[in-house]
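A quick write-up on the structure given underneath.
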Amino acid sequence: MYRWLLCFRYLRTRYIALASIISVTLGVATLIVVNSVMAGFSAEMHERLHGLASDILIECHTSGGMPDPEGHIEEIMKVCGDEVVGSSASVHVPAMLGIEFNGQLITRHVNFVGLDAETYDNVSHFGRYLLHPENQSQVKFDLREDGFAPDRDQFPASGWNYRRARVAYERAFAVEQARIDSLRAPADIPTSDDTAPSMQIPPPSDIFKETEGATASEFDPAVEQYPGVILGISTCSSRMRDEQNNVKDHYYCRPGDDVRMMFPNASDNPKVVNQKFTVVDMYESGMSEYDSTFAFCRLDQMQEFRGMIDPATQARSVTTIQLKLAEGADLNAVRDALRRRFPPNIYAYNIQTWRDMQGPLLAAVRLETTILNILLFLIIAVAGFGILATFFMIVVEKTRDIGTLKALGASGGGVMSIFLTYGLLLGFLGSGAGLVGGLLFVDHINEIATVIENITGQEVFDPTVYYFTEIPTIIHPFTLVWVMAGAVGIAVFSSVLPALRAARMHPVKALRFE
Amino acid sequence: MNSEIVLRAQNVYKSYHKDRIEVPVLRGVEFEVTAGLITALVGRSGSGKSTLMHLLATLDHPDRGEIHFRGERIDNATRARRDSYRNHDIGIIFQFYHLLPELSAVENVLAPTMIGRSAWDFFRHRKEARRRAEAMLDRVGLLHRASHKPSEMSGGEMQRAAIARALMTDPSLLLADEPTGNLDTETGLDILKLLTEINQDDGLTILMITHDDSIAEAADRCHRMEDGQLRQGMPELLIA
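Line by line, the protein sequences give chains A and B. Everything in the first sequence is counted per my numbering, starting at 42 for the first residue and increasing by one. Everything in the second sequence is counted per my numbering, starting at 6 for the first residue and increasing by one.
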């Protein structure tokens with residue numbers, strides 16, 4: 042009892058010890074905030090990575106892809122049918138995206154995916170990240186009338202309304218241009234320079250016209266569309282700040298515009314397929330890796346363009362089969378079983394889980410979290426040294442009291458426990474205050490970020506880099522427990538040496554201490 | 006008169022070492038404390054009387070010899086037994102009071118009970134313990150200062166609180182190390198009177214260590230320490 046009484050009295054009277062626990066408080070609060078934000082980031086990233094990648098990905102490396110995907114899926118179901126809840130076949134091919142923008146051509150390298158809209162949403166969250174609300178519930182590659190990204194004020198008019206207006210404008214412009222040209226024509230007198238050799242570079246519009254062929258003249262863009270394509274939002278836009286420092290997206294094209302895709306066909310002697318597509322929607326997952334490299338079209342159209350249909354049997358090939366596994370299924374076990382069924386020495390297949398594919402990124406995030414935790418625990422360790430030094434001072438100051446306690450019959454263990462209990466109390470107080478502070482900080486992190494932004498004039502999380510409107514945070518109770526336990530442990534551990542010194546003090550020397 | 010020997014030192018030797026030089030303090034001390042009496046141990050500074058008291062209180066170990074408490078050898082008893090002996094069997098008061106500054110007078114008086122019992126046991130009997138502590142403070146005339154911290158009390162009051170603390174566990178023997186040494190003459194006499202009253206009223210055995218011959222006059226028996234050895238006799242014979 043006396044140890045508790047003395048501990049509480051020391052807490053009330055020894056303010057220097059209270060000062061030392063401020064470090065514990067700050068350390069615990071910082072650890073909670075950092076872990077919550079990292080967990081929020083990590084969960085967001087996992088969800089987005091997993092959203093597109095599905096659980097298991099079987100990729101065929103040959104240019105012609107794997108024939109008979111239905112047969113493959115049957116084989117897969119034989120191997121691990123109990124654990125597979127969804128599957129989808131698709132074609133992945135590297136491609137070059139060409140966008141005509143203000144009379145110039147913008148090119149981007151993209152991963153062009155031909156997907157089956159019926160089954161693709163079963164294996165991934167593809168639809169969730171599309172801009173048009175109807176496409177989010179049911180993916181379609183037909184251009185919608187209007188209503189893209191209703192939650193964005195800045196998103197430009199898109200869809201059939203926009204397309205018709207654009208075509209009408211272009212036609213009126215062409216008529217006016219022809220009229221001006223006809224007025225200018227008689228005045229054109231050849232000069233001596235016209236006879237000199239010159240190198241003429243066709244404008245981008247000519248490149249677009251180059252392969253349209255005979256059908257181009259029959260195609261009416263005001264009422265017809267090319268095959269639909271969904272572009273990753275960063276493949277056709279750039280995000281920057283305007284003069285007022287507001288974040289603004291600039292779109293090179295929008296739903297309703299036509300773009301060109303150039304990709305290899307599936308023959309053994311590949312040739313470039315140059316095909317026009319109409320942008321029907323945009324894909325925004327928030328992961329720049331995906332948003333800046335992916336474009337999607339219908340699987341059957343992709344197979345036709347690439348020549349992946351056997352003329353004799355009409356069997357269609359695919360390059361990729363994606364699998365969705367049941368909740369709690371062992372991804373690695375399924376992957377290994379499939380690798381045994383499709384051994385790499387026979388099949389040119391790469392079978393991976395989504396974690397395998399994003400392994401380096403996930404490992405980097407884990408490493409970053411671990412290092413941050415170690416560094417932040419060092420703050421608490423520094424606080425531990427503060428407690429150690431403070432306790433040594435208190436033990437020296439209390440030498441005669443220690444002698445008195447021993448003279449009254451207190452054991453060495455009893456005296457030791459006074460200081461261990463004192464350390465325990467300081468640890469609980471410090472980490473308790475840190476817990477409350479950390480949780481309050483996490484709860485109001487967005488308001489705090491706003492205040493910091495107002496004070497410093499700098500945005501805490503630059504929206505040109507991060508695609509979230511609020512800072513994501515997740516509080517794991519287990520994290521709170523180990524942070525608290527670690528802080529209390531360090532506080533108690535720091536008090537062990539001073540406590541031992543007090544316990545071993547000779548009572549006579551202690552009583553005579555001056 | 007009860008002539009039971011409460012405490013006995015047999016052929017006790019004690020030396021201190023300083024810079025590898027042995028400084029003998031006690032040289033074969035034979036000493037007894039008889040129950041119910043006030044025994045005084047007088048001597049000049051450095052004569053070894055405080056060292057002997059520390060050995061009798063098991064705060065230190067003799068190099069040679071034995072200490073017996075009611076026939077039980079106590080100097081080589083287990084650590085737990087020695088702690089229990091100091092907590093329950095004897096009470097100690099010091100020249101410099103040695104009250105715990107963070108605690109009030111009544112809490113200081115309660116300290117030996119808190120030390121001797123588990124937290125749960127103390128909690129269960131806390132009202133009873135508090136009543137006894139207040140009775141002890143009342144006994145030494147300090148009840149009105151029960152809630153005062155040592156820093157708010159005079160030297161005489163602190164020594165009274167220390168006496169109340171020493172009496173709290175109802176000990177068989179009170180060891181008083183220079184109980185008046187830090188007090189003015191008048192207050193010292195008050196403390197001495199209090200100790201005498203306790204001895205007479207409660208029959209408590211008191212061993213009083215002092216360098217002051219006039220204090221020793223109040224004792225029933227007196228021993229004089231000289232160069233680590235004892236001379237025994239009646240106070241009036243030993244006091245020069």
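Each residue gets a CB set at the ideal place from its N, CA and C atoms; glycine is no exception.
Compute the distance between the beta-carbons of residue i and residue j, then report whether it is under 9 Å.
| i | j | result |
| --- | --- | --- |
| V17 of chain B | R69 of chain B | yes |
| A551 of chain A | T440 of chain A | yes |
| V134 of chain A | F337 of chain A | no |
| A540 of chain A | V406 of chain A | no |
| M525 of chain A | L476 of chain A | yes |
| T54 of chain A | E107 of chain B | yes |
| F189 of chain A | P268 of chain A | no |
| I214 of chain B | E183 of chain B | yes |
Out of curiosity, what's the CA-to-CA distance linking residue i and residue j?
| i | j | result |
| --- | --- | --- |
| A58 of chain A | L72 of chain A | 22 Å |
| P110 of chain A | T360 of chain A | 9 Å |
| G473 of chain A | P518 of chain A | 14 Å |
| A215 of chain A | T354 of chain A | 47 Å |
| M240 of chain A | D377 of chain A | Legend: pLDDT at M240 of chain A = 46, less than 50; position of this residue unreliable, no value from coordinates given. |
| T236 of chain A | A219 of chain A | Confidence at T236 of chain A is low in this model, with a pLDDT of 47, below 50, so the placement of that residue should be treated as unreliable; the coordinate-derived value is given next. Cα-Cα distance, rounded: 25 Å. |
| G297 of chain A | R204 of chain A | 5 Å |
| D143 of chain B | L481 of chain A | 52 Å |
| G186 of chain B | L417 of chain A | 55 Å |
| R347 of chain A | S308 of chain A | 8 Å |
| I221 of chain A | E211 of chain A | 15 Å |
| G254 of chain A | T319 of chain A | Reliability fails at G254 of chain A, whose pLDDT of 45 lies under 50, so the model's placement of it is uncertain and the value that follows must be treated cautiously. Distance between the alpha carbons of G254 of chain A and T319 of chain A: 17 Å. |
| E27 of chain B | K54 of chain B | 18 Å |
| L425 of chain A | R545 of chain A | Rather than Leu, the amino acid found at residue 425 of chain A in this sequence is Gly. Going from the Cα of G425 of chain A to the Cα of R545 of chain A covers about 22 Å. |
| H73 of chain B | I220 of chain B | 27 Å |
| V34 of chain B | A532 of chain A | 48 Å |
| R149 of chain A | T276 of chain A | 7 Å |
| P29 of chain B | G233 of chain B | 8 Å |
| D94 of chain B | T174 of chain B | 8 Å |
| R229 of chain B | S64 of chain A | 58 Å |
| Q344 of chain A | P352 of chain A | 12 Å |
Which residue from the options puts its Cα closest to that of residue i?
| i | options | result |
| --- | --- | --- |
| I486 of chain A | A:S472, A:G471, A:T514, A:V477 | A:T514 |
| T103 of chain A | A:Y390, A:F426, A:V483 | A:Y390 |
| L467 of chain A | A:V477, A:D484, A:A528, A:D442 | A:A528 |
| N163 of chain A | A:L172, A:V151, A:Q177 | A:Q177 |
| L194 of chain B | B:H59, B:E222, B:D126 | B:E222 |
| H283 of chain A | A:H291, A:C277, A:T276 | Looking at the sequence itself, residue 283 of chain A is Asp, so the reference to His does not match. That would be A:H291, whose Cα lies nearest to the Cα of D283 of chain A. |
| P191 of chain A | A:V522, A:L172, A:A367 | A:L172 |
| G479 of chain A | A:D194, A:A226, A:V78 | A:V78 |
| N414 of chain A | A:W523, A:S358, A:L47 | A:W523 |
| G161 of chain B | B:I196, B:A134, B:L180, B:L148 | B:I196 |
| D442 of chain A | B:A82, B:F101, B:R86, B:I211 | B:F101 |
| L364 of chain A | A:A94, A:L67, A:S61 | A:A94 |
| T520 of chain A | A:V288, A:S64, A:A70 | A:A70 |
| M141 of chain B | B:S156, B:G121, B:Q164, B:W125 | B:Q164 |
| S329 of chain A | A:I512, A:R89, A:P311, A:L67 | A:R89 |
Return the first residue and the last residue of the alpha helix (DSSP H) that residue i is part of.
| i | result |
| --- | --- |
| M398 of chain A | 395-398 |
| G464 of chain A | 453-484 |
| K119 of chain A | 110-121 |
| H166 of chain A | Run containing H166 of chain A: none; DSSP gives neither H nor E here. |
| H22 of chain B | First-last for H22 of chain B: 10-23, but that is the beta strand (DSSP E), not the alpha helix (DSSP H). |
| L541 of chain A | 518-544 |
| V375 of chain A | 372-382 |
| Q164 of chain B | 160-172 |
| G193 of chain B | 190-207 |
Identify the continuous beta strand (DSSP E) that holds residue i and give its terminal residues.
| i | result |
| --- | --- |
| E27 of chain B | 26-39 |
| S278 of chain A | 278-282 |
| G68 of chain A | Here G68 of chain A belongs to no beta strand (DSSP E); instead the alpha helix (DSSP H) covers 56-94. |
| I221 of chain A | First-last for I221 of chain A: 201-225, but that is the alpha helix (DSSP H), not the beta strand (DSSP E). |
Any beta carbon from chain C within less than 9 Å of residue i's own beta carbon?
| i | result |
| --- | --- |
| P548 of chain A | Included in the structure are the protein chains A and B, with no chain C among them. |
For the region 187-214 of chain B, enumerate the residues whose C-beta is nearer than 7 Å to any C-beta of chain A, in chain order. Within the region 187-214 of chain B, not one residue has a Cβ closer than 7 Å to any Cβ of chain A.
Which residues of the region 36-50 of chain B have a Cβ closer than 9 Å to any Cβ of chain A? Give them in chain order. So nothing in the stretch comes that close.
Using a beta-carbon distance cut-off of less than 7 Å, what residues from the region 52-84 of chain A approach chain B? Flagged, chain order: T54.
Can you give me, in chain order, the residues of the region 446-467 of chain A that have a beta carbon less than 9 Å from any beta carbon in chain B? Correct list: L446, K447, A448, L449, G450, A451, S452, G453, G455.
Contacting positions in the region 124-140 of chain B - beta carbon closer than 8 Å to chain A: Close to chain A, meaning a Cβ-Cβ distance shorter than 8 Å, are the following residues of the region 124-140 of chain B: A124, F127, F128.
Please name the residues in the region 146-169 of chain B whose beta-carbon is closer than 9 Å to at least one beta-carbon of chain A, in chain order. Listed by position, the residues of the region 146-169 of chain B near chain A (Cβ gap below 9 Å) amount to none.
Give the residues from the region 104-120 of chain B that approach chain A closer than 9 Å (Cβ to any Cβ), ordered along the chain. Residues passing the 9 Å Cβ filter: L104, L105, P106, E107, L108, E112, L115, A116, P117, T118, M119, I120.
When you check each C-beta in the region 60-89 of chain B against every C-beta of chain A, which residues fall closer than 8 Å? Those residues of the region 60-89 of chain B that come within reach of chain A (Cβ to Cβ, closer than 8 Å) are A62, L64, D65, R84, A85, D88, S89.
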